[in-house]
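See below for the structure under consideration.
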Amino acid sequence: MTDRRSETDSADEWVELVDGTHLDQYRYVLAESLAAEAVAPTYDAWRQYVRDHHGDVFAAVAADSTHIDGTDAEADASSRAAARELFVETLAFDYLLVRLLESLESQYECELTRPLAADAAIEFDPEFETVHQFVRSRLDADQSFEDALARFASVADSGAVAKLHSACVSPRARRAFGRYDTPPGLAMLALESGEQIERDALETGRKTDRETLEAGRKTDRETLEAGGQTDRDPKGIAVDDENESTGLDFDTESVPLVLDPGCGAGAFVAAAASRLLDEGLPEAASATDGPPDAVACSRLADIVAAVRGFDVSPTAVRASRLAVALAIRPLLEVIDERVRACPRIVLGDVVETTVDDAPLSGQRADVILANPPWLTWDALPERVKSRWRNGPIADPALDLFGREGAEARLGYANDDLSVPYAWTCLDRYLVDGGRAAFVLKRDLLTGPAGERIRRETLGARSITHDHVHDFGSLSPFSGVDAGAVLFTLRIGTGPETTPAADGIPATWWSAADDSAHSRTANEAAEGAGLFESPETMRRSFDRSPGRLVPADPTDPSSAWIREDAERRAIGESGYRIRHGVKDDAKAVYALDRATIERHGIEKTHVYPYLKSKHIVKYGLFGYDHHLVPQRQAGEENEAKLRDETPATYEYLHSHRQRLLERSSSWFEGGPFYSLFGLGQYTWADYKVVWCRLGFKPHFAVVSTVTDPLLGEQPVVPGDHCMFIGTDDEREAHYLCGLLNSAPYQRCLRDISSGGKSSLSKSTVARLLLPEWAATPQQCRLAELSQLAHEIVPDHVDCSKRAYNQKTIPELESVQAEIDRTVEEFLAAHTGRDPRETE
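If you want our numbering, it's the position in the sequence shown, counting the first as 1, plus 232.
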């Protein structure tokens, strides 16, 4: 599927920049110069800046790179190595961005650059520019690189900036910093849904007449060449030092002020600039009299003034400035005089940046467009958590993160930072009556982490949700299998609220040949290119309109589900759902036979351990070995462990520092090796287990397994698992049959987010799960589930892929009987004839 680029615009104009030797030479020189006087202060300041604003990213990247089975000293060395690699990656990418901005300045005789710290809304001590000068002076001249810079600057579109980011920065670094660059099509779709821009600004203005502008440029040149004077008003291009980002005169009250408070690679700010350029600005804001060059100057000033953003990442700030510069290039092409037009995008942090700081400088935004960072609360460093607690979270009216204690640890502490981030932006930066669009995780439609988003108010102001675009199993983000939704809303002071009674208008997107929740990460990576524009998206994907309604009609903030969802299986649950064992140190607790034998680890605390890959319907597909040194979370058993299993204790003690550095509040209190998600329920005789991540609604009953190394041991569900524990085998199988039945599977499909935590505790807890009473129907379901569990083990002597492609006739027959029994079961409990089922 091709996009709408011009024939002279190569789709790979960015490739020659990153595939040449120039950037490799930059990286080599910098890596060899980290101790140099011109580099070391910036390296140290950058590491501190990262720790302050992102946490211990370096340790996370090191752990993500390899399975480390070494001492704390070795772990520290790996962390330092990761810091060096990330610094070199970061500076090399920033250098490329600076050189591209300089190339634009040279070609179009404009000013687009300024130091990162010049107007930052937060303190920023690293001097990237000094490092670039030092390294650049040691690089060989490379005309091919200079030519590639010039070609990119003259033909690339704004979307190419994100491609540069992906090519220059490793996936592990992007994950560590929570960077998921928004594709251009999604950004443009957000603008299409933002009626405030479209109605109040764009539809009332004139479209840019590029032919007139080009003609004016030619006329001016001919006049100058003939020795004459143009009648351009020089005031239209005067530099004003009091203006933060441009010296051009502008009227900021006549165009909407658009803000992206986390601008990444600049997709939203570039899309806003392009839209204002292509659709025209209000006539009151643009000079419509005089030469076309003066018109271009005025329009350039208006766009630069209207489109603003900030980000905590220095390279994101620079990338967004470049993206906007590419978007306004048509105006730069027709302006003959030198203008200062640096985009109003600065370093800032939502926790600290106020409306009085740059880039807003006292003005609230009319429109907010954002893809907030997808980082979990517990992944943040303690100092960042403290700033949130003492800042936005301290405001009781916002109620951003009010859960505490055990309730928080049971999943809410793993909430996404995107929720308080987005709502803080609305509260701090958006004007009454303003509109916003946020790209957020799909889980937030239904999960407890999204409860705040689904409310009708923000403090004293009302929220109206205008539309939700649900991308289902599609992934807009290249190389990342992450379900996303686009929320569009407006905020006001009047009686308007979320239209809970009628539902919220929604559009469901899916690939034409896509079956729900079936795409792999590789397919998602290939499909991400289909998000290049709204037109490409509409040609490539199927769309289904409808409405979202609260699962609980009396509570608008309850899970939002499709109005046509299967609801018969929704009801009261008589069971408590538990989280699997969580340790946040897989490199320590995950064991293989070689590690057990090398350290002489006693088998007392080693158990068969389940991951998502091990669970299939009605059975297991293997298991791992895992160290579980406690019977209950927080258990004070250090002395006993040291005395009874000294080798196990010594192994853990050799990793003491690494375990103490785990950032999660889950592990506060108890020994240094404490676990979470561990209690009497973990050791129940029978457990109905499933994977909470992704959408794989496969439920199985587990008890013990006989392992060649360990003997007979109870199976322990891992971090990615949820389960219901019971000591009654028939009760466990009754629940398993119920959950694997077609009606319950349809219901889960309709009420789950389909995202990362599709089958979370909150999702499954909404299902009708009557307590075991040994009724005839319950007993029949138990018998059928037991029969299914007897069939599955005979078919797992193959790869997981081969198993998933198998057809097992005897299992299908049992499943059909389970489905019929559950239809009758639901009819008895809901009073609805099973023949009414769609």
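By construction, the Cβ of each residue, glycine as well, lies at the ideal position given by its N, Cα and C atoms.
Strictly by DSSP, which residues pair up with residue i?
{"i": "residue 781", "result": "793"}
{"i": "residue 859", "result": "838"}
{"i": "residue 852", "result": "847"}
{"i": "residue 694", "result": "689 and 724"}
{"i": "residue 775", "result": "741"}
{"i": "residue 945", "result": "937"}
{"i": "residue 572", "result": "343"}
{"i": "residue 492", "result": "541"}
{"i": "residue 700", "result": "719 and 738"}
{"i": "residue 823", "result": "857"}
In three-state terms, what does DSSP make of residue i?
{"i": "residue 252", "result": "coil"}
{"i": "residue 655", "result": "helix"}
{"i": "residue 405", "result": "helix"}
{"i": "residue 968", "result": "helix"}
{"i": "residue 448", "result": "Here the model assigns residue 448 a pLDDT of 36, short of 50, so the residue's position is not dependable and the matter cannot be decided."}
{"i": "residue 477", "result": "Note that residue 477 scores a pLDDT of 29, beneath 50, so its modelled location is shaky; the value from the coordinates is reported in the next line. Coil at residue 477, not helix or strand."}
{"i": "residue 612", "result": "coil"}
{"i": "residue 247", "result": "helix"}
{"i": "residue 814", "result": "strand"}
{"i": "residue 332", "result": "helix"}
{"i": "residue 566", "result": "coil"}
{"i": "residue 1034", "result": "helix"}
{"i": "residue 579", "result": "strand"}
{"i": "residue 221", "result": "This structure does not reach residue 221, given that the chain is present from 233 up to 1070, and the question cannot be answered."}
{"i": "residue 1040", "result": "coil"}
{"i": "residue 497", "result": "coil"}
{"i": "residue 1060", "result": "helix"}
{"i": "residue 1055", "result": "helix"}
{"i": "residue 510", "result": "helix"}
{"i": "residue 265", "result": "coil"}
{"i": "residue 352", "result": "coil"}
Residue range of the beta strand (DSSP E) that residue i falls in?
{"i": "residue 665", "result": "662–673"}
{"i": "residue 586", "result": "Here residue 586 belongs to no beta strand (DSSP E), and DSSP marks it neither H nor E."}
{"i": "residue 953", "result": "953–958"}
{"i": "residue 540", "result": "539–543"}
{"i": "residue 413", "result": "It is not in any beta strand (DSSP E) - residue 413 carries neither H nor E in the DSSP assignment."}
{"i": "residue 602", "result": "597–602"}
Taking 7 Å as the cut-off, is the CB of residue i close to at least one heavy atom of the ligand ZN?
{"i": "residue 621", "result": "Although the ligand ZN was asked about, the structure shown includes no ligands whatsoever."}
So the candidates are the options; which of them puts its Cα closest to the Cα of residue i?
{"i": "residue 1058", "options": "347, 705 and 802", "result": "802"}
{"i": "residue 310", "options": "782, 246 and 288", "result": "288"}
{"i": "residue 661", "options": "697, 1040 and 589", "result": "589"}
{"i": "residue 944", "options": "1001, 835, 879 and 381", "result": "835"}
{"i": "residue 870", "options": "855, 853 and 888", "result": "888"}
{"i": "residue 981", "options": "507, 789, 793 and 952", "result": "793"}
{"i": "residue 744", "options": "715, 766, 774 and 770", "result": "774"}
{"i": "residue 581", "options": "338, 882, 352 and 957", "result": "352"}
{"i": "residue 1028", "options": "854, 599 and 1055", "result": "854"}
{"i": "residue 286", "options": "904, 608 and 563", "result": "608"}
{"i": "residue 587", "options": "691, 714 and 489", "result": "489"}
{"i": "residue 840", "options": "829, 915 and 899", "result": "915"}
{"i": "residue 1004", "options": "997, 962 and 271", "result": "962"}
Let me see if you follow: with CB-CB separation under 8 Å, is residue i close to chain C or not?
{"i": "residue 497", "result": "Among the chains in the structure shown there is no chain C, since it carries only a single protein chain."}
How far does the alpha helix (DSSP H) with residue i in it reach, from first residue to last?
{"i": "residue 918", "result": "Here residue 918 belongs to no alpha helix (DSSP H); instead the beta strand (DSSP E) covers 918–923."}
{"i": "residue 383", "result": "375–387"}
{"i": "residue 1023", "result": "1008–1023"}
{"i": "residue 399", "result": "392–400"}
{"i": "residue 884", "result": "878–885"}
{"i": "residue 559", "result": "546–559"}
{"i": "residue 280", "result": "272–286"}
{"i": "residue 864", "result": "Segment: none, residue 864 is in no alpha helix (DSSP H) and carries neither H nor E."}
{"i": "residue 1077", "result": "What the structure shows of the chain is the stretch from 233 to 1070, and residue 1077 is not part of that stretch, so it cannot be assessed."}
{"i": "residue 891", "result": "888–892"}
{"i": "residue 974", "result": "974–983"}
Sufficient close CB pairs (3 or more, under 8 Å) joining the segment 574–581 to the segment 532–548: Using a C-beta cut-off of 8 Å, the segment 574–581 makes contact with the segment 532–548, since at least three inter-stretch Cβ pairs fall below that distance.
Check whether the segment 967–979 touches the segment 649–665, counting contact only when three or more Cβ pairs, one atom from each stretch, lie closer than 8 Å. The segment 967–979, when compared against the segment 649–665, does not touch it at the 8 Å Cβ threshold.
Pairing CB atoms from the segment 850–859 with CB atoms from the segment 818–826, are three or more of them under 8 Å? With three or more CB-CB distances shorter than 8 Å, the segment 850–859 counts as touching the segment 818–826.
Any chance the segment 950–960 sits against the segment 771–787, with 3 or more Cβ pairs inside 8 Å? With a cut-off of 8 Å, the segment 771–787 and the segment 950–960 do not count as touching, because too few Cβ pairs lie within range.
Quick test of the definition: if touching needs 3 or more C-beta pairs under 8 Å, does the segment 1030–1049 touch the segment 844–853? Yes, the segment 1030–1049 is in contact with the segment 844–853.
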